[in-house]
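Data block below; observations after.
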Amino acid sequence: MNLNILVLGIVLLLAGCATTSPTFEQQPTSMLAPEQDWAFDQEAATALADSLLALFDDETLNELVALSQQQNLSLLQQKAATDALAAAVTQADASSSPELSINQTSSRTNNGTALTETHSLSLDVKWELDLWGKLSAQSETAVANFEASKLSYHWLKASIAAQTMQAYVNAVTQAQQLELSEEKVLSFDKTLNVVTSKFKAGTADLNELTEARQNLAAAEADRIESELEQRNAVRTLQLLTGDYPDGLDLPGTKLPALLSAPDAQVPASILAQRPDVQSAWFSVKSASSSVVAAKAARLPNIALTGQFGNSSDALKNLLSGNAIWSLAASIGYTLFDQGALKAEVAASQSLAEQIYYQYLETVLDALNEVETALDTEQSHYKLVQAQREVVKQAGLLLANAEQDYRSGSVDMTDWLMYQRSYFDEQSALIETVNQRLQNRVSLGLALGLAI
Numbered sequence: 036m037n038l039n040i041l042v043l044g045i046v047l048l049l050a051g052c053a054t055t056s057p058t059f060e061q062q063p064t065s066m067l068a069p070e071q072d073w074a075f076d077q078e079a080a081t082a083l084a085d086s087l088l089a090l091f092d093d094e095t096l097n098e099l100v101a102l103s104q105q106q107n108l109s110l111l112q113q114k115a116a117t118d119a120l121a122a123a124v125t126q127a128d129a130s131s132s133p134e135l136s137i138n139q140t141s142s143r144t145n146n147g148t149a150l151t152e153t154h155s156l157s158l159d160v161k162w163e164l165d166l167w168g169k170l171s172a173q174s175e176t177a178v179a180n181f182e183a184s185k186l187s188y189h190w191l192k193a194s195i196a197a198q199t200m201q202a203y204v205n206a207v208t209q210a211q212q213l214e215l216s217e218e219k220v221l222s223f224d225k226t227l228n229v230v231t232s233k234f235k236a237g238t239a240d241l242n243e244l245t246e247a248r249q250n251l252a253a254a255e256a257d258r259i260e261s262e263l264e265q266r267n268a269v270r271t272l273q274l275l276t277g278d279y280p281d282g283l284d285l286p287g288t289k290l291p292a293l294l295s296a297p298d299a300q301v302p303a304s305i306l307a308q309r310p311d312v313q314s315a316w317f318s319v320k321s322a323s324s325s326v327v328a329a330k331a332a333r334l335p336n337i338a339l340t341g342q343f344g345n346s347s348d349a350l351k352n353l354l355s356g357n358a359i360w361s362l363a364a365s366i367g368y369t370l371f372d373q374g375a376l377k378a379e380v381a382a383s384q385s386l387a388e389q390i391y392y393q394y395l396e397t398v399l400d401a402l403n404e405v406e407t408a409l410d411t412e413q414s415h416y417k418l419v420q421a422q423r424e425v426v427k428q429a430g431l432l433l434a435n436a437e438q439d440y441r442s443g444s445v446d447m448t449d450w451l452m453y454q455r456s457y458f459d460e461q462s463a464l465i466e467t468v469n470q471r472l473q474n475r476v477s478l479g480l481a482l483g484l485a486i
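Letter by letter, the sequence shown follows residues 36 to 486 of this note's numbering.
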């Protein structure tokens, strides 16, 4: 039998081996119904924020976020990685087109009696036929990887903005805590002066004086710790904005004013606009295309090559020398590789399944983030109101305790206890407000808001 006919028969037989990609569901209805709503409803509002920066009214905060978008090193790394994948798309697309190259060679031969020269100039063409879709699958993989990276970049931009906003809120909160700790030192210093006066007058004993001194020393220790926590909070903010982390650039002591809450919409809509979820889906598409490429790699490789040019024994006559042309076709097929290619297909299929499950995990994580933030949003609002009342009552108790101590109706220990309680509740209120603002940012990010 003619060998070419045999090879052609093998090719036609293998053509029946479909190189289809695995089928995955982007939003499984078993996980999320199209019209499903959140478990925790969002409170009605006349206006809803459509970006992260619209959550607050603070010019300093806006400037810091803008700086983070320009100088954050993680963001710059992701941009560079995305640019590299854009170039990879061009490379993958080029592999399915004919490759043209021009070659010029010269040689000189001495056979002992005569010296001969040969010069040639040729245009070479090489083209791999994509009968099984391997090259197109590799191109689709490159495109999907690029889209995934681009979406990851957009998600990172929003994440860095959100982290910067939260770091700013925390830095201001720590500045407020420092102010409170300084106020606490002054308060206990005032108490010590009162006790000292009573001790000198003989109406207070040494234990009361010692206890007053101990509480002042503890307040001073708290102030020192607050200073360190404030500097650390500022350093976190400086790292996000690409600045030197000296911890000295204080952002102020006034928290940003809360504006409108973000629009929660419905879960299916949120998933469609979250860049990290969409990036994970493109990773699934990339893995699916890789399965197609792996399957196609088991099928015959068909390539066409051609050459056209001239040859001459003198370089000056090269363009008018003897014409040379050739055309060739080649078919390559691996008959035996101990199952290496088959194993590669199996590995790519398993990897595609793994990446799909990672995608589903990303979907669930996104839904959990929104549900948690919505739940926390309502709880923190109530917590702030309750904690304000706690501080109010603690202040009344402290005022009464000081008056009672001066009149001698309560002892020193009770007065100091009410003092510590008041400052502890003040500190708790500052932190509760901080957590509420932090969660508002988390909610905006979870709902897919950009800057």
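By construction, the Cβ of each residue, glycine as well, lies at the ideal position given by its N, Cα and C atoms. Note that the structure is a prediction, hence the values are computed from the model and not measured.
- The region 225 to 239 makes contact with the region 443 to 451, as at least three CB pairs between them are under 8 angstroms.
- Annotated as distal: PRO280 and ARG266, with beta-carbon spacing of 7 angstroms or more.
- In this structure, LEU191 lies near LEU110, with their beta-carbon atoms less than 7 angstroms apart.
- Distance from the CA atom of ARG455 to the CA atom of LEU251, rounded to whole angstroms, is 11 angstroms.
- Between LEU120 and the set TYR188, PRO297, ASP76 and SER184, the nearest pair of CA atoms involves SER184.
- Annotation: THR151 is outside any alpha helix (DSSP H); the continuous beta strand (DSSP E) that includes it extends over 150 to 164.
- Burial check for TYR416: the Cβ neighbour count within 10 Å stays below 16, so the residue is exposed.
- If you draw a straight line from the Cα of ALA129 to the Cα of LEU484, it comes to about 37 angstroms.
- TYR392 counts as exposed, since fewer than 16 other C-beta atoms from the protein chains shown sit within 10 angstroms of its C-beta.
- If you draw a 10 Å sphere on the C-beta of ASN180, you find 16 or more other C-beta atoms in it, and that means buried.
- Rounded to whole angstroms, ALA68 and TYR394 show a C-alpha spacing of 17 angstroms.
- Apart from the 5 residues on each side of it in sequence, ALA74 sits with its Cβ closer than 7 angstroms to the Cβ of GLU406 in its chain, given in chain order.
- With fewer than 16 other beta carbons inside 10 angstroms of its own, GLU94 counts as exposed.
- In this structure the region 188 to 206 does not touch the region 242 to 250; the number of beta carbon pairs closer than 8 angstroms is below three.
- Between the alpha carbons of PHE343 and TRP162 lies a gap of roughly 15 angstroms.
- Just so you know, the alpha carbons of LEU274 and ASP400 end up roughly 27 angstroms apart.
- The alpha-carbon of GLN173 is positioned some 14 angstroms away from that of VAL380.
- For the 7 angstroms CB-CB criterion, LEU480 and PRO297 do not form a contact.
- When secondary structure is reduced to three states using DSSP, LEU135 falls in the strand class.
- Taking all protein chains in view, the Cβ of ALA338 is surrounded by fewer than 16 other Cβ atoms within 10 Å, so the residue is classified as exposed.
- In this structure SER385 is not in contact with THR176, their Cβ atoms being roughly 16 angstroms apart against a cut-off of 8 angstroms.
- Cβ neighbours of LEU362 within its own chain (closer than 7 angstroms, five residues either side excluded): GLY341.
- Secondary structure remark: continuous alpha helix (DSSP H) runs of at least 4 residues inside the region 295 to 331, in chain order: 302 to 308 and 310 to 331.
- Inter-residue distance for SER56 and LEU293 is about 49 angstroms (C-alpha atoms, whole angstroms).
- Under DSSP, PHE75 shares a beta bridge with no residue.
- For LEU418, the closest of ILE486, VAL220, ASP165 and ARG471 by C-alpha to C-alpha distance is ARG471.
- By the Cβ criterion, the region 462 to 470 is in contact with the region 208 to 216, since at least three pairs of Cβ atoms, one from each stretch, lie closer than 8 angstroms.
- If you check the CB distance, ALA196 and LEU90 do not come in under 7 angstroms.
- When only Cα atoms are considered, ALA239 and TYR440 end up about 11 angstroms apart.
- The Cβ atoms of VAL301 and THR397 do not sit closer than 7 angstroms to each other.
- Assignment of THR140 by DSSP, reduced to helix, strand and coil, places it in the strand class.
- GLU460 is a Cβ neighbour of ALA429, given a cutoff of 7 angstroms.
- Under the three-state reduction of DSSP, PHE59 is assigned to coil, being neither helix nor strand.
- The shortest C-alpha to C-alpha distance from ALA303 to any of GLN71, THR58 and GLU60 is the one to GLN71.
- Just measuring C-alpha positions, the residue of PHE234, ASP118, PRO286 and GLU217 sitting nearest TYR203 is PRO286.
- Put simply, the backbone Cα of ILE305 is about 15 angstroms away from that of PRO63.
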